[in-house]
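The structure under discussion appears below in the form of structure tokens.
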Amino acid sequence: MKSITRVLISPILLAGAFAHLNASEPADSIQPATQQERAGHSFACCDYTSGKVLIVSADGKVTWEHPAAHCNDLWVLPNGNLLFGTGHGVKEVNRNKEVIFSYESKSEIYACQRLPNGNTFIAECNAGRLIEVDPKGQLVKQIRLLPEGKDGGHGYMRNARKLKNGHYLVTHYAESVVRQYDSEGAPITEFAAPGGPHSAIRLPNGNTLIACGDQNKEPAHVFECDPQGNTVWQVTSEDLPGIHLAFMSGLQRLPNGNTVMTNWLGHGRLGTAPHAIEVTPDKKVVWTFADHEAMKTISTIQLLDIPGDVTQGEILH
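So the sequence shown is residues -23 to -1, 1 to 294, counted in mature numbering (1 follows the signal peptide of the UniProt record, and there is no 0).
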């Protein structure tokens, strides 16, 4: 077993004084978004609370949806099909709503990923298992992060990704840490993530982008840290006048350096803030989306106007 390196993240910096606003919009004119603002994105998303996955057009209209109880992760595959979690399973569904792939589990599932070889990576929360299954749903690899038979509970892990080098990046929500494991499941590096990490992305420069919730009354935030754990960028409610960050869940880093974040509005905050927010590196808000009638809580998002093959890691989501 390799030894684990614990990396401590510095406390959240309140940098509201340095927030950059659009010069045509004075700070006192910015209000919580209730609809799509500026030029829109087309996207797919999960509504965890309503139990469905949706496709939304660039003008903010829902054009497709499918039931998906407690869905927390999704991908739009190169063939146009959607791969998503179903609370206790994973499905791939085409636009005609035909099921192409299905996997069921006794464990809660919050993360899935289609791999380059056609297999599907799945993280089983309660069981503490990282598994890969073939297109027929047969197990081809498993890594146990917990002893067999031990129940890690509802909060053991949320999002997880298999990296290009065969390692795994896992958000351990209840422990408020993000860990990287090697290909055999040995922990390598650990990043503290106050508030409970929901999603983590390994960026091409080696940094890690992390979205955190509201656990232990910590302020929800998104931050990027380098391999040594130093915070190099972050955004909180203090940086975005008129926008409250409730519980940060999904992430996508765009080729232009902007970050799209989903703002999960559970825990008694339905309808109180935008579902999705796009910010520039200097924390200027350039797009928000909210439709509180069509959906309640967005847990993850993938923009459809950003080209790239998700099975080859070309979408940072």
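The beta carbon of each residue, even a glycine, is placed where N, CA and C say it ideally should be.
Which word fits ALA46, buried or exposed, when buried means at least 16 other C-beta atoms lie within 10 angstroms of its C-beta? Here the question's residue 46 lines up with position 69 in the sequence shown. With fewer than 16 Cβ atoms within 10 Å of its Cβ, ALA46 is classed as exposed.
Considering only the beta carbon of each residue, do residue 295 and ALA151 sit closer than 8 Å? The structure shown does not extend to residue 295, since the chain is modelled only from -23 through 294, so no value can be given for it.
Cα-Cα separation, PRO9 to LEU54: Here residue 9 refers to the residue found at position 32 of the sequence shown. Here residue 54 refers to the residue found at position 77 of the sequence shown. The predicted position of PRO9 is uncertain, since its pLDDT is 36 and thus under 50; a value taken from the coordinates is nonetheless stated next. PRO9 and LEU54: Cα-Cα distance of roughly 33 Å.
Measuring CB atoms only, is the stretch 127 to 142 touching the stretch 99 to 113, in the sense that at least three cross pairs come out at less than 8 Å? Because the criterion of three Cβ pairs below 8 Å is met, the stretch 127 to 142 and the stretch 99 to 113 touch.
Rounded to the nearest angstrom, how far is the Cβ of ALA197 from that of ILE187, given a contact under 8 Å? Here residue 197 corresponds to residue number 220 of the sequence shown, with the count starting at 1. Here residue 187 corresponds to residue number 210 of the sequence shown, with the count starting at 1. So it is not a contact: roughly 12 Å between Cβ atoms.
If you draw a straight line from the alpha carbon of LYS29 to that of HIS252, how long is it in whole angstroms? Counting from one through the sequence shown, the residue named residue 29 turns up at place 52. Counting from one through the sequence shown, the residue named residue 252 turns up at place 275. Answer to the nearest angstrom: the Cα atoms are 15 Å apart.
How many angstroms separate the CA atom of GLU109 from the CA atom of LYS141? By 1-based counting over the sequence shown, the position of residue 109 is 132. By 1-based counting over the sequence shown, the position of residue 141 is 164. GLU109 and LYS141: Cα-Cα distance of roughly 15 Å.
Is THR265 helix, strand or coil by DSSP? Position 288 of the sequence shown holds residue 265. THR265 sits in a strand when the DSSP states are folded into three classes.
Which residues does DSSP list as the beta-bridge partners of LEU63? In the sequence shown, the residue the question calls residue 63 occupies position 86. According to the sequence shown, residue 63 is Thr rather than Leu. In the DSSP output, where bridge partners are listed per residue, THR63 has none listed.
According to DSSP, which residues form a beta bridge with CYS189? Reading the sequence shown from its first residue, position 212 is the one you call residue 189. Bridge partners of CYS189: PRO174, HIS198.
Please report the distance separating the alpha-carbon of ASP111 from that of ASP259. If you number the sequence shown from 1, residue 111 lands on position 134. If you number the sequence shown from 1, residue 259 lands on position 282. Taking the straight line from one Cα to the other gives about 42 Å.
Anticipated Cβ contact below 8 Å, ASP24 with LYS273, distance rounded: In the sequence shown, the residue the question calls residue 24 occupies position 47. In the sequence shown, the residue the question calls residue 273 occupies position 296. A Cβ-Cβ separation of about 6 Å places ASP24 in contact with LYS273 under the 8 Å criterion.
Residue environment, GLU291, which counts as buried when at least 16 other CB atoms sit within 10 Å: Counting from 1 along the sequence shown, the entry for residue 291 is found at position 314. Result: exposed.
How long is the line joining the alpha carbons of GLY129 and LEU123, rounded to whole angstroms? As a position in the sequence shown, residue 129 is number 152, starting the count at 1. As a position in the sequence shown, residue 123 is number 146, starting the count at 1. When rounded, the distance between both Cα atoms is 7 Å.
DSSP three-state label for SER214, please. Here residue 214 refers to the residue found at position 237 when the sequence shown is read from its first residue. Reduced to three states, the DSSP call for SER214 is helix.
Going by beta carbon distance, what residues of the same chain come within less than 8 Å of TRP41, once the five residues before and after it are set aside? In the sequence shown, residue 41 corresponds to position 64, counting from 1. Once the five neighbours on either side are set aside, the close Cβ partners of TRP41 are LEU31, ILE32, ARG72.
Tell me which same chain residues have a C-beta within less than 8 Å of the C-beta of GLU85, skipping the five on either side of it? One-based indexing of the sequence shown puts residue 85 at position 108. If we look at GLU85 and ignore the five residues flanking it on each side, its Cβ neighbours are HIS47, GLY64, HIS65, GLU101, CYS102, ASN103, HIS131.
Take GLN192 as the anchor and find which of SER214, GLY172, PRO164 has the nearest alpha-carbon. Taking the first residue of the sequence shown as 1, we reach residue 192 at position 215. Closest by alpha carbon: GLY172.
What would DSSP say about GLN119, mapped onto helix, strand or coil? For the purposes of this step, residue 119 is identified with residue 142 of the sequence shown, where counting begins at 1. In this structure, GLN119 counts as strand in the three-state DSSP scheme.
Under a three-way DSSP split, which group does THR249 fall into? Numbered from its first residue, the sequence shown carries residue 249 at position 272. Annotated three-state conformation of THR249 is coil, per DSSP.
Between the CA atoms of TRP264 and MET238 - distance to the nearest angstrom: Taking the first residue of the sequence shown as position 1, residue 238 is located at position 261. Taking the first residue of the sequence shown as position 1, residue 264 is located at position 287. Whole-angstrom Cα-Cα distance: 10 Å.
Exposed or buried, which one is THR249 when buried takes at least 16 other CB atoms within 10 Å? If you number the sequence shown from 1, residue 249 lands on position 272. That one is exposed.
Can you say whether GLU201 is buried or exposed, counting buried as having 16 or more other CB atoms within 10 angstroms of its CB? Residue 201 sits at position 224 when you count from the first residue of the sequence shown. Looking at its Cβ environment, which holds 16 or more other Cβ atoms inside 10 Å, GLU201 is buried.
Residues in its own chain within less than 8 Å of GLY285 by CB, not counting five upstream and five downstream? Start at 1 with the first residue of the sequence shown, and residue 285 comes out as number 308. GLU291, ILE292.
Return helix, strand or coil for THR274, following the three-state DSSP convention. On the sequence shown, position 297 is the one that residue 274 refers to. Three-state result, THR274: coil.
State the Cα-Cα distance for the pair GLY114 and PHE61, rounded to the nearest angstrom. By 1-based counting over the sequence shown, the position of residue 114 is 137. By 1-based counting over the sequence shown, the position of residue 61 is 84. Looking at the two C-alpha atoms, the distance is approximately 14 Å.
CA-to-CA distance, LYS68 to PHE168, given in whole angstroms: As a first step, residue 168 must be located in the sequence shown, where it is residue number 191. As a first step, residue 68 must be located in the sequence shown, where it is residue number 91. In a straight line, the C-alpha of PHE168 is about 31 Å away from that of LYS68.
Closest to ILE220 by CA distance: which of ASN235, THR185, LYS261 is it? Here residue 220 refers to the residue found at position 243 when the sequence shown is read from its first residue. Here the closest residue by C-alpha is LYS261.
Measuring CB to CB, does VAL76 end up less than 8 Å from LEU59? Along the sequence shown, one-based indexing puts residue 76 at 99. Along the sequence shown, one-based indexing puts residue 59 at 82. Against a cut-off of 8 Å, the Cβ pair of LEU59 and VAL76 comes out as no contact.
Nearest to LYS83 by CA position, among PRO181, GLY126, ARG91, is which residue? Numbered from its first residue, the sequence shown carries residue 83 at position 106. Residue GLY126 is the option with its Cα nearest to LYS83.
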